[in-house]
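Numbering-wise (full-length UniProt numbering), the sequence shown opens with residue 1 and increments by one. All C-beta atoms, glycine included, are put in the ideal place defined by N, C-alpha and C. Note that this is a predicted model, so its numbers are computed, not measured. Here the structure comes first, spelled out in structure tokens, and everything after it is commentary.
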Amino acid sequence: MNTLKLPSGLNLPTELLFQIAEYLENPPDPSDLVALTKVSRSLRPVAEEYLYRKVHVRGVRTNDLDSDMPLLLRTLLERPDLGKRIRTLAFRTKRIRIDRMTQLSIRRSTTAPHRLNSGTLLSDSIAALSTMGYSATHPWSKMLQSTYESAFGGLLLSIVPRLDTLILCVTDSPAGGASLDPSRDPISALFGTYQLPPAALACLANTTTLKIPTKHLHQLLGGHVPFPKLVNLELCNGHGRDLRYINGPGSYSGGSSIQNLTLRIHWGIVDPMLCASDHGVRLQDLFEALGCDSLRVLKLVLIKGTDDKSDEHLERPSYSELSKDLDTPSSTVE
Numbered sequence: 001m002n003t004l005k006l007p008s009g010l011n012l013p014t015e016l017l018f019q020i021a022e023y024l025e026n027p028p029d030p031s032d033l034v035a036l037t038k039v040s041r042s043l044r045p046v047a048e049e050y051l052y053r054k055v056h057v058r059g060v061r062t063n064d065l066d067s068d069m070p071l072l073l074r075t076l077l078e079r080p081d082l083g084k085r086i087r088t089l090a091f092r093t094k095r096i097r098i099d100r101m102t103q104l105s106i107r108r109s110t111t112a113p114h115r116l117n118s119g120t121l122l123s124d125s126i127a128a129l130s131t132m133g134y135s136a137t138h139p140w141s142k143m144l145q146s147t148y149e150s151a152f153g154g155l156l157l158s159i160v161p162r163l164d165t166l167i168l169c170v171t172d173s174p175a176g177g178a179s180l181d182p183s184r185d186p187i188s189a190l191f192g193t194y195q196l197p198p199a200a201l202a203c204l205a206n207t208t209t210l211k212i213p214t215k216h217l218h219q220l221l222g223g224h225v226p227f228p229k230l231v232n233l234e235l236c237n238g239h240g241r242d243l244r245y246i247n248g249p250g251s252y253s254g255g256s257s258i259q260n261l262t263l264r265i266h267w268g269i270v271d272p273m274l275c276a277s278d279h280g281v282r283l284q285d286l287f288e289a290l291g292c293d294s295l296r297v298l299k300l301v302l303i304k305g306t307d308d309k310s311d312e313h314l315e316r317p318s319y320s321e322l323s324k325d326l327d328t329p330s331s332t333v334e
């Protein structure tokens, strides 16, 4: 009787397979990796290394009320080893209670209700906070007890210690409805206070690439998060009003190490009339706040705003004003 012989690669020790996976390129189709795990248990660490190296959570559209972020958190709380494999994390989270999101989702007939046992996730999350030294009376814990999704997002950011690239958007519903906008208060939405937990600071300390809405800029780079290794920064959907919170040259931590800067901004930010209405803030103020001492590549994407009525009169950007604003970074840009 002939016995099935597995390929020699499948007979390698699991640890060796895992080390090999560290040097392989990312696969084109994650489903291929899932199929591999069905061939041999020895291949599971290799597949998991690939699948969790880059995680883009479903539900990143502005008005998508149904997000898979809590499902990812539940998995990582059950398998802490998987959190150590995540290098790239992209997710959107909302400062809305999960049970209310379910009601809104049903009312709007958009996506299926939240596929989550929030009770299990809640107990596991509170237990995780307890191990970090946070009691049930801490504002972060109270947000979790009220099932605010963004508080679970803060916990997610605290259990990915090898994070290299972060794409983040924290949204609010200012009118209490379903219109979700990027928050100017992301840290409080994530952690209940303006003080980041040591675990989150440790996870963000190795971040080299950051992509956020411009509304997040002041809180995330204004001193709350050091970002000592930040090299690539992309700011999205920027308006002149987003620059009103700048505290002067060099006020944004991590800016001096940035080598690649991408700005997706609305035309009005370089219009003299609109700048005057925004208390005289200019794009130049942003460059000075970041420092830009190491900047090598600058990419500007000018957008004619659809959600800002103030720049509707503009037929084209004011390139003369833009050239003045570019004087600050021009000395280092290649």
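Enclosing beta strand (DSSP E) for residue i [first to last residue]
| i | result |
| --- | --- |
| residue 238 | 232-238 |
| residue 264 | 260-266 |
| residue 299 | 297-303 |
| residue 44 | First-last for residue 44: 44-53, but that is the alpha helix (DSSP H), not the beta strand (DSSP E). |
| residue 94 | 88-94 |
| residue 209 | 209-213 |
Close-in-space but distant-in-sequence residues of the same chain around residue i (CB under 7 Å, 5 per side omitted)
| i | result |
| --- | --- |
| residue 48 | 82, 85 |
| residue 109 | Here residue 109 scores only 40 on pLDDT, less than 50, and its place in the model is too uncertain to base an answer on. |
| residue 107 | Low local confidence applies: a pLDDT of 45 at residue 107 is under 50, so the model's placement there is unreliable, and no value is given. |
| residue 197 | 132, 158, 191 |
| residue 328 | 284, 287, 288, 292 |
| residue 147 | 97, 98, 99, 118, 122 |
Residue i versus the options, residue with shortest Cα-Cα distance
| i | options | result |
| --- | --- | --- |
| residue 243 | 233, 88, 282 | 282 |
| residue 337 | 90, 190, 328 | Lying outside 1 to 334, the shown extent of the chain, residue 337 is not represented and no answer is given. |
| residue 298 | 259, 325, 136, 154 | 259 |
| residue 192 | 44, 123, 150 | 150 |
| residue 250 | 240, 198, 125, 226 | 226 |
| residue 325 | 296, 131, 269 | 269 |
| residue 264 | 248, 252, 290, 302 | 302 |
| residue 267 | 127, 327, 304 | 304 |
| residue 203 | 182, 229, 35 | 229 |
| residue 57 | 45, 80, 92 | 92 |
| residue 253 | 236, 221, 246 | 221 |
| residue 160 | 79, 44, 120 | 79 |
Rounded distance between the beta-carbons of residue j and residue i, thought under 8 Å
| i | j | result |
| --- | --- | --- |
| residue 157 | residue 210 | Contact flag wrong, Cβ pair sits at about 12 Å. |
| residue 129 | residue 140 | 7 Å |
Residues of its chain near residue i, where Cβ-Cβ distance is below 6 Å and the 5 sequence neighbours each way are ignored
| i | result |
| --- | --- |
| residue 62 | Low confidence applies to residue 62: its pLDDT is 47, below 50, so where it sits in the model is not reliable, and the reading given next is rough at best. Only 180 meet the Cβ criterion. |
| residue 323 | none |
| residue 234 | 211, 262 |
| residue 245 | 218 |
| residue 236 | 213, 264 |
| residue 168 | 212 |
| residue 300 | 263 |
| residue 187 | 194, 219, 224 |
| residue 189 | 95, 150, 170, 183 |
Enclosing alpha helix (DSSP H) for residue i [first to last residue]
| i | result |
| --- | --- |
| residue 187 | 186-191 |
| residue 285 | 283-290 |
| residue 333 | Looking at the DSSP string, residue 333 is not in any alpha helix (DSSP H), and its letter there is neither H nor E. |
| residue 170 | Taken as a continuous stretch (DSSP letters only), residue 170 belongs to no alpha helix (DSSP H), being part of the beta strand (DSSP E) at 165-172. |
| residue 336 | Shown here, the chain extends from 1 to 334; a query on residue 336 therefore has no answer. |
| residue 75 | 69-78 |
| residue 139 | 139-145 |
| residue 156 | 149-156 |
Beta-carbon gap between residue i and residue j smaller than 8 Å
| i | j | result |
| --- | --- | --- |
| residue 231 | residue 256 | no |
| residue 74 | residue 162 | no |
| residue 205 | residue 154 | no |
| residue 152 | residue 125 | yes |
| residue 72 | residue 55 | yes |
| residue 285 | residue 332 | no |
| residue 219 | residue 185 | yes |
| residue 238 | residue 214 | yes |
| residue 216 | residue 182 | yes |
Any non-hydrogen atom of the ligand ZN within 7 Å of residue i CB
| i | result |
| --- | --- |
| residue 35 | The ligand ZN is not part of this structure, which contains no ligands at all. |
Neighbourhood of residue i by C-beta, 8 Å cutoff - its chain only, sequence neighbours within 5 removed
| i | result |
| --- | --- |
| residue 94 | 65, 67, 101, 149, 150, 170, 171, 172, 173, 180 |
| residue 143 | 150, 151, 192 |
| residue 145 | 122, 126, 136 |
| residue 53 | 26, 85, 86, 87, 88 |
| residue 248 | 288, 289 |
| residue 134 | 140, 141, 197 |
| residue 120 | 74 |
| residue 296 | 259, 260, 332, 333, 334 |
Residue-level contact to chain D via CB, residue i, 8 Å cutoff
| i | result |
| --- | --- |
| residue 84 | Judged by its chain identifiers, the structure shown contains no chain D, having just a single protein chain. |
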